Structure formats: structure tokens, C-alpha cells
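Novice: One structure, pasted below without further comment.
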Amino acid sequence: MDDDMYRQYILDVYHHMQHKYIIDNATHTYTGFNASCGDQVKIFLHAEDGIIQDISFTGEGCLLSQVSAEMICAFAKGKRMKEIEEMHLDTLLDILGIHPTPTRLKCIELALVTLKKISTD
Amino acid sequence: MNRDWANIRKDFPILNDTSHVYLDSAATSQKPQSVINAITKYYTNQNANIHRGIYSLSEEATMLYIASKEATASFINASSYRSIIYTRNATEGLNMSALLLENELEEGDEIVTTVMEHHSNLIPWMKLAQRKKCKITYVKVNEIGEIDMEEFKNSLNSKTKIVAFSHISNVLGTINPIDDICQIAKRNGAYIVIDGAQAVGHIPVDVGKYDCDFYAFSSHKMFGPTGLGVLYIKEELLDRFDPIFYGGEMVSHVALDEFKYNELPWKFEAGTPHIAGGIALHAAIIYLQEIGIENIEKRNLQLLQILQTQLQDLPYIKMYGTSPQKSSVVSFTMDGVHSHDIASLLDRDHICIRAGNHCAEPLVHSLSCNSLARVSLHIYNNEEDIQKLLISLKNIYHKLKNG
Ligand SMILES: Cc1ncc(COP(=O)(O)O)c(C=O)c1O
Numbered sequence: 024m025d026d027d028m029y030r031q032y033i034l035d036v037y038h039h040m041q042h043k044y045i046i047d048n049a050t051h052t053y054t055g056f057n058a059s060c061g062d063q064v065k066i067f068l069h070a071e072d073g074i075i076q077d078i079s080f081t082g083e084g085c086l087l088s089q090v091s092a093e094m095i096c097a098f099a100k101g102k103r104m105k106e107i108e109e110m111h112l113d114t115l116l117d118i119l120g121i122h123p124t125p126t127r128l129k130c131i132e133l134a135l136v137t138l139k140k141i142s143t144d
Numbered sequence: 004m005n006r007d008w009a010n011i012r013k014d015f016p017i018l019n020d021t022s023h024v025y026l027d028s029a030a031t032s033q034k035p036q037s038v039i040n041a042i043t044k045y046y047t048n049q050n051a052n053i054h055r056g057i058y059s060l061s062e063e064a065t066m067l068y069i070a071s072k073e074a075t076a077s078f079i080n081a082s083s084y085r086s087i088i089y090t091r092n093a094t095e096g097l098n099m100s101a102l103l104l105e106n107e108l109e110e111g112d113e114i115v116t117t118v119m120e121h122h123s124n125l126i127p128w129m130k131l132a133q134r135k136k137c138k139i140t141y142v143k144v145n146e147i148g149e150i151d152m153e154e155f156k157n158s159l160n161s162k163t164k165i166v167a168f169s170h171i172s173n174v175l176g177t178i179n180p181i182d183d184i185c186q187i188a189k190r191n192g193a194y195i196v197i198d199g200a201q202a203v204g205h206i207p208v209d210v211g212k213y214d215c216d217f218y219a220f221s222s223h224k225m226f227g228p229t230g231l232g233v234l235y236i237k238e239e240l241l242d243r244f245d246p247i248f249y250g251g252e253m254v255s256h257v258a259l260d261e262f263k264y265n266e267l268p269w270k271f272e273a274g275t276p277h278i279a280g281g282i283a284l285h286a287a288i289i290y291l292q293e294i295g296i297e298n299i300e301k302r303n304l305q306l307l308q309i310l311q312t313q314l315q316d317l318p319y320i321k322m323y324g325t326s327p328q329k330s331s332v333v334s335f336t337m338d339g340v341h342s343h344d345i346a347s348l349l350d351r352d353h354i355c356i357r358a359g360n361h362c363a364e365p366l367v368h369s370l371s372c373n374s375l376a377r378v379s380l381h382i383y384n385n386e387e388d389i390q391k392l393l394i395s396l397k398n399i400y401h402k403l404k405n406g
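What follows is the structure, given as C-alpha cells:
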């Protein structure tokens, strides 16, 4: 884990998003919103037989909220919906490899909360 | 004035003992040693409850508390300390104003306020309007962050009973034309409620001249302690209104079938007040008066101009609120970089600024933003603080901009 929320790896992900677009055959979409800061993440997901075949997102907000969405999409592709439903924030933090300050934790959580809403709908 | 600003900075221990560059004084100001000492001295040597003791320790505490009220009254040019109610903060004062005015409203009456208000001067009126089935009109803000005065005039009519607005915006820094607004509102026969949270301790405040009915502010934004606020209310209204809270100290006589209100202002302060806070606020006022409020105003204007000039040179920074009548508050966005990222990255350089909607969500949205970064300066800041900020902002932009 790294205390630096803005280390080079995170910046590289931010500058080279692989999943920030709209897929046209989405079976599920859901928009998550952080009212206190205005961060927004919309997730598009194509699932077949409970397996996430394709996933993407659009959004606007701070770097952490967008990087978190990007990395969660990369992680979720090919996984069972059920697995995502049970995914814990710590797993996401492990993937990101950072220790956010308490106030910034909600930026990172946004994509996860949004994705979980989809998978439980 | 025989003190220079570098020495004044030394009066604030937190700025000497830490490496922080504190640029968030609009959220709360730092405290001078004299204020910290007043709190310690009270609890060390002077602590007793007020109004009730026959013994000298209590009498002394009572005198100190009253002296604080007198100092506050004269600081904002209220005719007497009978008009000065101590609250928890500006928010409580504004809520009390709304509650006290509840009986003055009838269904269909109107309240006029502005889009630039802090939530503290918004929600109490929204709630009051809901309860009394009244209408609220929100006056808009123009491109440079000033209240549109034509629209303000046009928004008043015979049903307008309350005009509530901020003296200075905590986001835009705009100093509103308070004399004009009060005159126009008075001519229309409306009660005037002013949110002075960002004004007191920054610019001269004169409630006598404004002829306003309510003026609320917070001690913690004017070098005083947290937990204490001030609500000025015109004396004739205080005689007429029933208090909001009931209990000890606010009554002069109690029998089981009747009670009689205490004199002003105690009628409106039920229970043991924040005595230490009141005494420390007095120390803050003395400190402000020693420097001189005009000197403070000039100093802050200088700092503002340095900051604005420097930020203007950065093409990727957009400032919001550029009225020539402005306090030392600068809100801005950076191209492609969210304000929370700016604040987090500045924090790594020990620079404290605020980011978000600043408890003024309708205003921030009216500027077509979700979130703003805000730098607010006070007399203890210096050019070096501004230089450090600028260097960090440039680094952040180059670090986060695409590619
Ligand atoms: C313009 C304005 N009004 C009201 C308030 C509320 O002050 P407090 O939180 O001390 O009650 C603030 C403080 O942020 C403010 O800036």
C-alpha cells in the first residue's frame, strides 16, 4: 500500500482510461452520484447468464472517483455478478494500491456502490 | 499602528508551531494567543456560574460576561448590549431569527433572499415558508458575482415581509451593498435579516446605520472561539417577541401559575451560557480593535489583489466572483482538474484550502459548477503563503493535465 493517492501508476491509469465509453448492448445501467461533491459515475454492463461479458463507464468528478471506476470495470469483466455483489471495499483498495484519507474514501467508494446497485437490481 | 504584519502573524501560535500554510480562514480563523490565554485564564482563575452567585467569584464572572456583551455591542455599533444575544453560532442565530418571525407571517406572504446564500441562511427560510405557506423569491447573481439590484427591487411587493441576505458571500467574496438593500427593504416595510458571518472582523459593521432588525455572526470566524455566536436584534422587537427557549436565567420571577421574563438580553438566553466563549470573544474584539478594523480591511484587500493578479496569469484557472467590492475570498476551478484533487494535492504541500460546494450548493450550481476550490486569506497570511500556493498549483496542473 502507498500513502500517495496520486502516485504515478494512478496518474497513468487516469490518463489512459480503457473503459470510459458507452457500450451499446448494455443490459444494465446505473448512475451513482455523490451529492456532497457532485462526483458522478454511470456504469454500463452487459451480462449473460450472470456473467459480466462487457462493462464500461462514463462520469465526471475527481481523479480518484474516475480511476476507481476504471479499475473496477477492468476487475469486473468476466466475473460473476454474484462475486461483485459480495465485493468488499478493501478488495478495491488493494486493486488500487492506495490508502486514501477518510474524506476521500467516498470518492473511491462511488463506483463500487454504483456497480453493486446494478448487480442487486 | 505600531505593529507590523510579520509580528501580527507571530500572535497566532498555530502558524509558528506548524508548517501549515493556512488559506481557509473563511471556514474558521486562527486564534491569537490573547484569545487562547483568555480561555485558560477563565478556567484557571475565574470560573463560576454567572447571574446566580452572591460570592465575589461569581460576581466577577458575571461582570466579565457583561463586559463581553458591551464590547460586542460597541464593535457592531448596537445602541446597547440589551440587543446582543449569544448563541452557538451564526447558524443558530439565523434559525432563531426565522422562528421569532414566524408569527409575523401569514399565508401567502413573501420572503426575499438571494441565490448566493450559505445553507444556514437558506434552509431556515425554506422551512419557515413551508410551515407558513409563504413564497420565497431568490434574487440572482450577475457574472461578476454581485446581486442584481434591479431584480431585487422588482422582487419586493406589498406581501414581502422578510428580506434575508448575506453581508459578504462565503464563496464569491462579494461585499453586498448593504446600505442600499436595507433602505429599499425598509421602505417596503420588510424585516431585515443579515447573515454577517463573513463580515464581522473583516470590514466595519454598523447595525445602527443599516437599521436592520437581525444581524447574525460567529465568533470563530473573527479570531474568537468556536461554540459561540452573536445575534443582534433590534431592542423594540426583543421587547415584543416571546423567547424561543425557556428555563433558568431567562425569568425574573416564577410561581407555579405564572412567570415573568427577565430583562434584555437575558430573556433570550435560557440556561448557563458559554461563559468562557463570551470572555474569549471579548479578547478577540480587543485584538481586532487594537489592530484597527480599517487596517484589517486594507491588509486583506492587498493580499486579495496579490492573489488575484497571480492567478490571472494562469490561463487554466478560472475565478468566480470578481466584483470590485470583494473580501479576501477567491473561488476558482482549474481546467481538467477537480477541486477535491486540488485540495488533496495541496494538502501534501501542507497548504490548507477548501473544496466542494461550500454549503452554498444552489450558488455553485448557478455558476454551472459542481465544485469549487476556495482560498481565503486573513491578516496573518503573507506573500510567501501566496507564492507557495502558486508554485503548488502550477505543479498540480502539470501533474494532472492529460498526457
Ligand atoms: C456566509 C456564511 N453564513 C453562515 C455561516 C455559518 O456559520 P456557522 O457554521 O459558524 O454557524 C457561514 C460559515 O461557513 C458563512 O460563511
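If you read the protein sequences in the order shown, they are chains A and B. In terms of my numbering, the first sequence opens at residue 24 and continues consecutively. In terms of my numbering, the second sequence opens at residue 4 and continues consecutively. Every residue, glycine too, gets a C-beta built ideally from N, C-alpha and C. Here the structure is a predicted model, which means the values were calculated and not measured.
Quick one: grab the DSSP three-state call for Gln201 of chain B.
Specialist: In this structure, Gln201 of chain B counts as coil in the three-state DSSP scheme.
Novice: Please report how far the alpha carbon of Lys156 of chain B lies from the alpha carbon of Ile187 of chain B, in whole angstroms.
Specialist: So the two alpha carbons sit approximately 7 Å from each other.
Novice: Quick one: what's got a C-beta closer than 6 Å to Asn5 of chain B's C-beta in the same chain, skipping five residues either side?
Specialist: Only weak support exists for where Asn5 of chain B lies, its pLDDT of 42 falling under 50; the value from the coordinates is given anyway. Same-chain partners within the cutoff: there are none.
Novice: What residues in the stretch 324 to 343 of chain B bring their beta carbon closer than 7 Å to a beta carbon of chain A?
Specialist: Going along the stretch 324 to 343 of chain B in chain order, one finds His341 and His343 with a Cβ nearer than 7 Å to chain A.
Novice: At a cut of 8 Å, does the stretch 247 to 260 of chain B reach the stretch 277 to 297 of chain B through at least three beta carbon pairs?
Specialist: Not touching, per the Cβ criterion.
Novice: Figure out for me which residue from B:Leu175, B:Asp350, B:Lys321 and B:Gly230 has the closest Cα to the Cα of Asn360 of chain B.
Specialist: Per the Cα distances, B:Leu175.
Novice: Determine, using beta-carbon pairs with one atom in the stretch 116 to 128 of chain A and one in the stretch 73 to 84 of chain A, whether at least three such pairs fall under 8 Å.
Specialist: No, the stretch 116 to 128 of chain A does not touch the stretch 73 to 84 of chain A.
Novice: Apart from the five residues on each side of it in sequence, which residues of its chain come closer than 8 Å, Cβ to Cβ, to Phe2 of chain B?
Specialist: In the structure as shown, chain B begins at 4 and stops at 406. Residue 2 of chain B is therefore absent and cannot be evaluated.
Novice: Say whether chain A places a C-beta atom closer than 8 Å to the C-beta of Leu403 of chain B.
Specialist: For Leu403 of chain B, the answer is yes, since a Cβ of chain A falls inside 8 Å of its Cβ.
Novice: To the nearest angstrom, how far is the alpha carbon of Leu108 of chain B from that of Glu95 of chain B?
Specialist: The alpha-carbon atoms of Leu108 of chain B and Glu95 of chain B are separated by roughly 20 Å.
Novice: Residue range of the beta strand (DSSP E) that Met28 of chain A falls in?
Specialist: Premise fails: Met28 of chain A is in no beta strand (DSSP E) and is neither H nor E.
Novice: Are there 16 or more other CB atoms within 10 angstroms of the CB of His42 of chain A, so buried, or fewer, so exposed?
Specialist: It counts as buried.
Novice: With DSSP collapsed to three states, give me the class of Met24 of chain A.
Specialist: Annotation note: pLDDT 46 at Met24 of chain A (below 50); position unreliable, coordinate value reported separately. If DSSP states are grouped into helix, strand and coil, Met24 of chain A belongs with coil.
Novice: Is Asn265 of chain B close to chain A, meaning its C-beta is less than 8 Å from at least one C-beta of that chain?
Specialist: False, the Cβ-Cβ gap to chain A never drops below 8 Å.
Novice: Pull up the CB-CB distance for Ser221 of chain B and Asn92 of chain B, whole angstroms please, since I reckon it's below 8 Å.
Specialist: About 5 Å separates the two Cβ atoms, so the contact holds.
Novice: Leaving out the 5 sequence neighbours to the left and right, which residues in its chain are closer than 8 Å to Leu135 of chain A when beta-carbon positions are compared?
Specialist: Result list for Leu135 of chain A: Ser91, Ile95, Met110, Leu112 and Leu115, in chain order.
Novice: Within a Cβ cutoff of 6 Å, which residues of the same chain sit near Asn149 of chain B, ignoring the five residues on either side of it in sequence?
Specialist: The sequence as given places Glu at residue 149 of chain B; Asn does not occur at that position. Only Thr177 and Ser326 meet the Cβ criterion.
Novice: Can you grab the Cα-Cα spacing for the pair Ile197 of chain B / Phe168 of chain B, in whole Å?
Specialist: In a straight line, the C-alpha of Ile197 of chain B is about 5 Å away from that of Phe168 of chain B.
Novice: I'd like to know if the stretch 32 to 49 of chain A and the stretch 61 to 72 of chain A are in contact, where contact means that at least 3 CB-CB pairs between them fall below 8 Å.
Specialist: Touching, yes, given that three or more Cβ pairs across the two stretches are closer than 8 Å.
Novice: Looking only at its own chain, which residues have a Cβ that is under 6 Å from the Cβ of Asn265 of chain B, when we skip the five neighbours before and after it?
Specialist: Result list for Asn265 of chain B: Met253, Val254 and Ser255, in chain order.
Novice: Alpha carbon to alpha carbon, how far is Thr258 of chain B from Phe244 of chain B?
Specialist: In the sequence on display, residue 258 of chain B carries Ala and not Thr. Their Cα atoms are separated by approximately 22 Å.
Novice: Secondary structure at Cys137 of chain B, three-state DSSP: helix, strand or coil?
Specialist: Note: Cys137 of chain B maps to coil in three-state DSSP.
Novice: Residues in the stretch 345 to 357 of chain B with C-beta within 7 Å of chain A's C-beta atoms, listed in sequence order?
Specialist: Answer in chain order: Ser347 and Leu348.
Novice: Alpha carbon to alpha carbon, how far is Gly55 of chain A from Lys139 of chain A?
Specialist: Each residue's alpha carbon lies about 10 Å from the other.
Novice: Give, in chain order, every residue of the stretch 359 to 388 of chain B whose Cβ lies closer than 9 Å to some Cβ of chain A.
Specialist: Those would be Gly359, Asn360, Glu364, Val367, His368, Cys372, Asn373 and Ser374, in chain order.
Novice: Under a Cβ-count criterion, where at least 16 other Cβ atoms within 10 Å of its own Cβ denotes burial, should Asp344 of chain B be classed as buried or exposed?
Specialist: Under this definition Asp344 of chain B is a buried residue.
Novice: Closer than 8 Å by C-beta to Ala376 of chain B: which residues in its own chain qualify, once you throw out the five before and the five after it? Chain order, please.
Specialist: Excluding residues within five positions, the ones whose Cβ falls inside 8 Å are Ser334, Phe335, Thr336, Met337, Ser342, Ile345, Ala346, Ile356, Arg357 and Ala358.
Novice: Measuring CB to CB, does Ala200 of chain B end up less than 8 Å from His122 of chain B?
Specialist: No, these two residues do not count as a Cβ contact at 8 Å.
Novice: Starting from Ile236 of chain B, trace the alpha helix (DSSP H) both ways and give me its first and last residue.
Specialist: No alpha helix (DSSP H) contains Ile236 of chain B, which is instead part of the beta strand (DSSP E) from Gly232 to Ile236.
Novice: Around ligand 1, what residues have a beta-carbon under 5 Å from a heavy atom of it, in chain order?
Specialist: Matched residues: B:Asn92, B:Ala93, B:Thr94, B:His121, B:Ser123, B:Ser169, B:Asn173, B:Asp198, B:Ala200, B:Gln201 and B:Ser221.
Novice: Measuring CB atoms only, is the stretch 304 to 324 of chain B touching the stretch 70 to 88 of chain B, in the sense that at least three cross pairs come out at less than 8 Å?
Specialist: Contact between the stretch 304 to 324 of chain B and the stretch 70 to 88 of chain B is absent, because fewer than three Cβ pairs lie under 8 Å.
Novice: Kindly indicate which residue of B:Ile42, B:Gly339 and B:Ile165 has the alpha-carbon position closest to the one of Ile282 of chain B.
Specialist: Selected option, being the one with the closest Cα: B:Ile42.
Novice: Is there a Cβ of chain B sitting closer than 8 Å to that of Ser142 of chain A, yes or no?
Specialist: It does not; no Cβ of chain B falls within 8 Å.
Novice: Taking all protein chains shown into account, decide if Glu93 of chain A is buried (16 or more other Cβ within 10 angstroms of its Cβ) or exposed.
Specialist: Label assigned to Glu93 of chain A: buried.
Novice: For the candidate residues B:Ile126, B:Lys164, B:Asp209 and B:Lys301, whose alpha-carbon lies nearest to that of Arg427 of chain B?
Specialist: Residue 427 of chain B lies beyond the residue range present for chain B, which begins at 4 and ends at 406; the question has no answer from this structure.
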